[in-house]
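S.K.: Taking our numbering, the leading residue of the sequence shown gets 22, the next gets one more, and so forth. Every residue gets a Cβ at the ideal spot worked out from N, C-alpha and C, and that includes glycine. Quantities reported herein were computed from a predicted structural model and do not represent experimental measurements. Can you keep this structure in mind? I'll have questions shortly.
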Amino acid sequence: MVAPSLALYESPLRYYLILDADADIRDLEVGDLSDMESDVPVGFLEHLRDERERRTRPSLSPEEFERKPEAFSTSAGAASMSFATMTLDWTRKQGRVGTDRLARLWATMLETAGLTAEIFAVDPGQIVFATHRTEEVNTIERFVLAQESVDFFEFNQQRRFPGSRRAPLSTDAARKVDWRVRKEIADVLGVLGTTRSLQL
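Below, the structure written as structure tokens:
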């Protein structure tokens, strides 16, 4: 059954005859080859410009942020900073080590999803997200609030909470007292020379 239909096939190439290949190539309009930004869609052009800007920006490091966080929010082309704060129970159990591990895990997950945010732990139970693309903040917020043991997400001093909650599970004052007590215990253990460490 297939053979008769193939027998009726006639190639369209037999109707075309190239008379002057050089003239055809000369007349071919491919845009300005010396200008890579002409004749491209607007979305692609914006992507090219974003990539160029991203390459010229200095990368953020956790050490620089801890020393001078205001420098990142006031510089030209500043990164949009947002924070994820874990529950106090999670923070007590996981400490700084768990927060670092979680920040690395989230960074991998968000990078796989195509986001360009830089993610690192700044304190036990607190992770900062820095991105030069403000449109990514909404995606980061949805991602963070969908994770377990998140107390709240903060951007531009506005807090968002998982589910239908309207307030954090622990007040800022309770967090400070808990942190101060844990720090003092760690200092005492360090002075006593004990090998048992307390994760901060």
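1) DSSP three-state label for Thr-192, please.
2) Under the three-state reduction of DSSP, which class applies to Arg-181: helix, strand or coil?
3) Please name the residue in Leu-38, Asp-110, Arg-122 whose C-alpha comes closest to that of Ile-148.
4) Whole beta strand (DSSP E) runs in the stretch 135-171 with 3 or more residues, listed along the chain?
5) Name, in chain order, the residues that DSSP records as bridge partners for Glu-175.
6) How long is the line joining the alpha carbons of Asp-144 and Arg-186, rounded to whole angstroms?
7) Quick check on this structure: which residue in Thr-106, Val-118, Ala-100, Gln-179 has the alpha carbon closest to the alpha carbon of Ala-138?
8) At what residues does the alpha helix (DSSP H) containing Ile-46 begin and finish?
9) Quick one: give me the first and last residue of the alpha helix (DSSP H) that Glu-132 is part of.
M.R.: This is what the structure holds:
1) Locating residue 192 in the sequence shown gives position 171, where the first residue counts as 1. Residue state, collapsed to three classes: coil.
2) Your numbering for residue 181 matches position 160 in the sequence shown. Note: Arg-181 maps to strand in three-state DSSP.
3) By 1-based counting over the sequence shown, the position of residue 148 is 127. Ile-148 has its Cα closest to that of Arg-122, out of Leu-38, Asp-110, Arg-122.
4) Annotation: the stretch 135-171 contains the following complete segments of the beta strand (DSSP E) (minimum length 3 residues), in chain order: 139-144, 147-152.
5) Here residue 175 corresponds to residue number 154 of the sequence shown, with the count starting at 1. Partner(s): Phe-104, Arg-180.
6) Mapped onto the sequence shown, residue 144 falls at position 123. Mapped onto the sequence shown, residue 186 falls at position 165. Each residue's alpha carbon lies about 24 Å from the other.
7) On the sequence shown, residue 138 is found 117 positions in, with the first residue counted as 1. Of the candidates Thr-106, Val-118, Ala-100, Gln-179, the one whose C-alpha sits nearest the C-alpha of Ala-138 is Ala-100.
8) For the purposes of this step, residue 46 is identified with residue 25 of the sequence shown, where counting begins at 1. Segment 42-48, the alpha helix (DSSP H) holding Ile-46.
9) Taking the first residue of the sequence shown as position 1, residue 132 is located at position 111. Unbroken alpha helix (DSSP H) run through Glu-132: 109-133.
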